[in-house]
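Engineer: One structure, pasted below without further comment.
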Amino acid sequence: MNNLYKAIFAACIAFGGIATHAAAHEEHAAVAQPALADGEIKKVDKDARKLTIKHGELTNLNMPAMTMVFRVKDPAMLDKAREGDKVRVAIEKVDGALTVTTLELAK
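Residues -22 to -1, 1 to 85 (mature numbering (1 follows the signal peptide of the UniProt record, and there is no 0)) are what the sequence shown spells out, left to right.
What follows is the structure in structure tokens.
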């Protein structure tokens, strides 16, 4: 019986390391990008680095369609956006603020 306990203990030591190693890599799983929502640029404020966008539903934020002011992740987005442009946007919370992380002109 003693040998059985020793064998179980040895197996736990040997295979426990594998489980720990696998668990350590779970946090490195790919993060899905939020779906792009349709929108229209209502205002570009380069000084404040913000866009006012009339957007469709933001499913990743459980937010219905509305018009809101958003920060932009990359100030270069402000150079390619014009009032009245139809766009596709991804919006996420970044440091607690709703932020445009992807901006594409609609085709």
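Every residue, glycine too, gets a C-beta built ideally from N, C-alpha and C.
With the cut-off set at 8 angstroms, would you say residue 66 and residue 54 are in Cβ contact?
Structural biologist: No, Cβ-Cβ distance for residue 66 and residue 54 is not below 8 angstroms.
Engineer: Which stretch, first to last residue, makes up the beta strand (DSSP E) that contains residue 23?
Structural biologist: That run of the beta strand (DSSP E) goes 15 to 23.
Engineer: Run the CB neighbour count on residue 17, radius 10 Å, all protein chains shown included, and call it buried at 16 or more, exposed below.
Structural biologist: With 16 or more Cβ atoms within 10 Å of its Cβ, residue 17 is classed as buried.
Engineer: In the DSSP assignment, find the alpha helix (DSSP H) that holds residue 58 and state where it starts and stops.
Structural biologist: That run of the alpha helix (DSSP H) goes 55 to 58.
Engineer: In terms of residues, what are the limits of the beta strand (DSSP E) holding residue 94?
Structural biologist: Within the shown structure, residues of the chain are numbered from -22 to 85, placing residue 94 beyond reach of any answer.
Engineer: Please report the distance separating the alpha-carbon of residue 78 from that of residue 57.
Structural biologist: Using only the alpha carbons, I get a separation of about 14 angstroms.
Engineer: What distance in whole Å lies between the Cβ atoms of residue 38 and residue 13, which are believed to be in contact at a cut-off of 8 angstroms?
Structural biologist: 7 angstroms between Cβ atoms; contact.
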